[in-house]
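Colleague: The listed protein sequences correspond, in order, to chains A and B. For the first sequence, position 33 matches number 364 in my numbering, and the numbering has no gaps at all. For the second sequence, position 206 matches number 537 in my numbering, and the numbering has no gaps at all. Don't be surprised by glycine CBs; every beta carbon is placed ideally from N, CA and C. Below you'll find the structure I mean.
Number of protein chains: 2
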Amino acid sequence: MIHPISPVLQAPSDAAPDKTIAMAVSRAIHEHRLAPGAKLGEDELADVYGVSRTIVRAALRTLAHEQLVNIKRNRGAYVAQPSPKEAQEVFEARELLEPRTAREAALRATAADVRRLKMHIAKEHDALDRGDHGGALFLSGQLHVEIARIAAQDTITNFIESLIARSSLVVALYSRRESAICEHHAHDGLVEIIEARNPDEAEALMKSHLVDLHSALNLEATTHAPRSLKDVLGGL
Amino acid sequence: MIHPISPVLQAPSDAAPDKTIAMAVSRAIHEHRLAPGAKLGEDELADVYGVSRTIVRAALRTLAHEQLVNIKRNRGAYVAQPSPKEAQEVFEARELLEPRTAREAALRATAADVRRLKMHIAKEHDALDRGDHGGALFLSGQLHVEIARIAAQDTITNFIESLIARSSLVVALYSRRESAICEHHAHDGLVEIIEARNPDEAEALMKSHLVDLHSALNLEATTHAPRSLKDVLGGL
DNA sequence: GGGCACAATATTGTATACAACTTCGCGGAG
DNA sequence: CTCCGCGAAGTTGTATACAATATTGTGCCC
């Protein structure tokens with residue numbers, strides 16, 4: 332079976348243009364080039380990508396459905412700012428879904444799958460070495476998607492994709508450690524265990540990996556409210 | 332906290348018109364008034380709802396994202412026809428998510444919540460008594476959403492909503508018993524246990540309820556392929 | 001009579017024009 | 001000086017016009 336979704340989050344050039352734009356913006360969010368709260372003006376985007384607002388609106392709608400973007404009627408689209416509660420929920424959901432997919436992946440992974448995962452990790456290391464922080468962040472999330480994909484449960488994989496995209500926003504808002512990227516050794520370990528076809532350990536390791544990530548967040552409602560301008564500059 | 336989503340799947344009249352249409356179509360699918368595979372012409376819908384194609388297209392896009400509708404580029408939108416594999420996945424995902432929400436609901440349900448659930452069941456019975464098969468089918472699914480809502484995990488609730496919508500299509504395609512609606516006694520039992528604040532039993536009962544539903548399906552790939560015309564009339 | 005090519009029709013995709021709404025700035029009244 | 005209201009500018013929402021693509025129908029050729 333051929334994976335229906337492009338593994339690099341890049342639309343083929345002959346695809347629907349709105350999907351191309353949605354992916355480009357999505358990627359910019361993943362890589363923390365677009366901060367939570369950033370305004371996404373329609374004319375501006377239309378100009379950047381050389382299409383009409385019609386297309387841009389379709390793309391924004393897609394992103395809104397994935398909860399990466401907030402569309403306020405008559406007031407425009409903004410990169411989403413998950414509340415602490417939402418952030419909590421995203422990770423709880425991941426902790427529910429991903430251990431299961433890790434287990435399934437350990438059961439089903441082919442040699443080719445494992446090869447792909449290893450290549451993925453190599454790219455991740457490479458990006459970090461090159462100082463491409465954004466790229467590493469993005470790839471780090473995508474590894475989780477790749478693992479879910481091996482489990483061959485498209486429905487759950489789609490959920491996970493959506494959760495990982497939102498995790499990017501959560502990390503941008505609430506990460507307390509500077510580099511809250513998945514530590515590489517964690518990912519190395521995961522892939523090794525999948526290669527070893529050890530479902531129980533894969534499940535457990537994924538769970539603990541997610542708990543680690545979760546606990547690296549600072550979700551105190553008091554410190555980080557959904558950062559509005561008033562809030563940021565309120566002291567003055 | 333006020334529930335942000337309308338519990339009756341009906342958009343307020345002052346809301347965005349595309350959401351109104353999306354909900355109307357969604358409901359028609361829920362109630363099996365729109366069969367899987369039905370073509371959803373843009374002009375036709377625009378005419379029915381008295382809006383321009385712009386709005387209709389937005390609505391169709393929303394439905395496509397929920398996987399209730401399949402949009403084939405340049406060829407139109409059709410009510411989705413989940414494959415047996417997809418059907419399987421939908422129920423597996425439900426079996427993973429819903430027992431958890433049932434547990435949580437049993438822990439958190441207020442008296443008002445329980446009252447709402449009971450009223451919901453009453454409406455369900457009522458619809459059946461009136462012979463409103465479609466309405467009963469719809470309400471039956473919505474009860475699961477209501478329970479998820481009590482768990483107050485919006486992220487997971489959204490997933491479940493999406494899964495239940497798709498379940499409607501799955502039932503339309505693969506149900507082997509005539510009335511594959513959740514049996515009322517099953518729902519009665521669920522609500523009772525939630526009222527009794529018994530999380531363990533709630534979790535177990537939801538799980539077995541879903542397994543029941545799942546096993547009422549005939550997912551043999553040979554018998555029910557995604558019904559295309561060729562397939563239906565192939566014998567001639 | 002069957003099959004293929006081409007024209008006619010219908011439907012979807014995109015851009016643009018216009019309407020509605022929000023926001024910002026100005027000016028006057030208190 | 002502050003506050004309210006009004007108007008201008010800018011942005012989003014919707015409808016429509018046009019372009020591109022798929023589908024259907026017709027007629028010619030074999």
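Could you give the uninterrupted runs of the alpha helix (DSSP H) lying entirely in the region 341-406 of chain A, keeping only those of 4 residues or more?
Modeller: DSSP runs (the alpha helix (DSSP H)) wholly in the region 341-406 of chain A: 348-361, 373-380, 384-396.
Colleague: Would His545 (chain B) pass as an interface residue toward chain A - the criterion being a Cβ-Cβ separation below 8 angstroms?
Modeller: It does not; no Cβ of chain A falls within 8 angstroms.
Colleague: Assess, as a yes-or-no matter, whether the region 446-458 of chain A is touched by the region 406-421 of chain A under the definition of 3 or more beta carbon pairs within less than 8 angstroms.
Modeller: No, the region 406-421 of chain A is not in contact with the region 446-458 of chain A.
Colleague: Have a look at His545 (chain A) and Asp519 (chain A) and give me their C-alpha separation to the nearest angstrom.
Modeller: So the two alpha carbons sit approximately 19 angstroms from each other.
Colleague: Which residue comes first and which comes last in the alpha helix (DSSP H) that contains Gly466 (chain A)?
Modeller: Note, Gly466 (chain A): alpha helix (DSSP H), 464-481.
Colleague: Quick check: the Cα distance between Glu492 (chain B) and Leu391 (chain B), rounded to an integer number of angstroms?
Modeller: Rounded to the nearest angstrom, the two C-alpha atoms are 17 angstroms apart.
Colleague: Could you give the residue range of the alpha helix (DSSP H) that holds Glu278 (chain A)?
Modeller: Because chain A spans 332 through 567 in this model, residue 278 (chain A) falls outside it and cannot be assessed.
Colleague: Report the rounded CA-to-CA distance for Asp543 (chain A) versus Ala482 (chain A), giving the unit in angstroms.
Modeller: Computed Cα separation, rounded: 23 angstroms.
Colleague: Determine which residues share a DSSP beta bridge with Val410 (chain A) and list them.
Modeller: Paired residue(s): A:Val400.
Colleague: In whole angstroms, what is the alpha-carbon distance linking Ala517 (chain B) and Glu523 (chain B)?
Modeller: Taking the straight line from one Cα to the other gives about 10 angstroms.
Colleague: If we ignore side chains and look at the alpha-carbon of each, how far apart do Ile525 (chain B) and Leu438 (chain B) end up?
Modeller: Taking the straight line from one Cα to the other gives about 8 angstroms.
Colleague: Does Glu492 (chain A) have its Cβ less than 8 angstroms from a Cβ in chain B?
Modeller: Judged by the 8 angstroms Cβ criterion, Glu492 (chain A) is not in contact with chain B.
Colleague: Between Ile636 (chain B) and Asp485 (chain A), what straight-line distance do the alpha-carbon atoms span, to the nearest angstrom?
Modeller: Lying outside 332 to 567, the shown extent of chain B, residue 636 (chain B) is not represented and no answer is given.
Colleague: If you follow the alpha helix (DSSP H) that Asn489 (chain A) is in, where does it begin and where does it stop?
Modeller: Run containing Asn489 (chain A): 485-505, per the alpha helix (DSSP H) assignment.
Colleague: Taking only three categories from DSSP, how would you classify Thr441 (chain B)?
Modeller: Looking at Thr441 (chain B) - three-state DSSP - the assignment turns out to be coil, as it is neither helix nor strand.
Colleague: Compile a chain-ordered list of the residues in the region 473-486 of chain A whose CB is closer than 7 angstroms to at least one CB of chain B.
Modeller: The residues in question are Gln484, Asp485, Thr486.
Colleague: To the nearest whole angstrom, what separates the beta carbons of Glu534 (chain B) and Pro430 (chain B), a pair I think is in contact under 8 angstroms?
Modeller: Yes, they are in contact, since the Cβ atoms of Glu534 (chain B) and Pro430 (chain B) sit about 4 angstroms apart, within 8 angstroms.
Colleague: So which of A:Ala389, A:Val501, A:Glu375 has the shortest CA-CA distance to Pro348 (chain A)?
Modeller: That would be A:Ala389, whose Cα lies nearest to the Cα of Pro348 (chain A).
Colleague: Who are the Cβ neighbours of Ser357 (chain A) in its own chain at under 8 angstroms, not counting the five residues just before and after it?
Modeller: Around Ser357 (chain A): Leu340, Leu394, Glu397, Leu399, Ala496.
Colleague: Are at least three pairs of beta-carbons, each pair with one atom in the region 361-370 of chain A and one in the region 457-469 of chain A, less than 8 angstroms apart?
Modeller: A contact exists between the region 361-370 of chain A and the region 457-469 of chain A.
Colleague: If I measure Cβ to Cβ from Lys538 (chain A) and keep anything under 7 angstroms in the same chain, skipping five residues before and after, which residues do I get?
Modeller: Excluding sequence neighbours, Lys538 (chain A) sits near Glu426, Pro430.
Colleague: If you drop the 5 nearest sequence neighbours on each side, which residues of the same chain put their C-beta closer than 6 angstroms to that of Tyr380 (chain B)?
Modeller: Cβ neighbours of Tyr380 (chain B) beyond the five flanking positions: Ile352.
Colleague: Establish whether the CB of Ala377 (chain B) and some CB of chain A are separated by less than 8 angstroms.
Modeller: Taking Cβ atoms only, chain A never reaches closer than 8 angstroms to Ala377 (chain B), which makes this a no.
Colleague: Report the residues of the region 427-454 of chain B with a CB closer than 8 angstroms to any CB of chain A, ordered along the chain.
Modeller: Cβ contacts with chain A: Leu427, Leu428, Arg431.
Colleague: Say the cut is 7 angstroms; is the CB of Glu455 (chain B) nearer than that to a heavy atom of the ligand NAD?
Modeller: Only the bare structure without any ligand can be found here, which leaves the ligand NAD out of the picture.
Colleague: Tell me the rounded alpha-carbon separation between Ser506 (chain B) and Ala424 (chain B).
Modeller: Between Ser506 (chain B) and Ala424 (chain B), the C-alpha separation is close to 18 angstroms.
Colleague: If the cut-off is 8 angstroms on Cβ atoms, which residues from the region 399-414 of chain B count as contacting chain A, listed in chain order?
Modeller: Here the close residues are Arg404.
Colleague: Quick check: the Cα distance between Leu448 (chain A) and Leu474 (chain A), rounded to an integer number of angstroms?
Modeller: Taking the straight line from one Cα to the other gives about 7 angstroms.
Colleague: By how many angstroms is the C-alpha of Ile478 (chain A) removed from the C-alpha of Asn573 (chain B)?
Modeller: No information on residue 573 (chain B) is available, as it lies outside the stretch 332 to 567 that chain B covers here.
Colleague: Please report how far the alpha carbon of Val387 (chain B) lies from the alpha carbon of Thr441 (chain A), in whole angstroms.
Modeller: The alpha-carbon atoms of Val387 (chain B) and Thr441 (chain A) are separated by roughly 43 angstroms.
Colleague: Can you find a C-beta in chain A that's less than 8 angstroms from the C-beta of Thr361 (chain B)?
Modeller: Correcting the residue identity first, residue 361 (chain B) is His in this sequence and not Thr. Output row for His361 (chain B): interface = no.
Colleague: Could you tell me which chain B residues have their CB closer than 8 angstroms to the CB of Arg392 (chain A), listed as they occur along the chain?
Modeller: Simply Ala389, Arg392, Thr393.
Colleague: Could you check whether the Cβ of Val285 (chain B) sits closer than 8 angstroms to any Cβ belonging to chain A?
Modeller: Limits of chain B in this structure are 332 at one end and 567 at the other, which puts residue 285 (chain B) out of reach.
Colleague: Which residues in chain B sit within 9 angstroms of Val421 (chain A), going by Cβ to Cβ distance?
Modeller: Ordered by position in chain B, the residues that pass the 9 angstroms Cβ test against Val421 (chain A) are Thr486.
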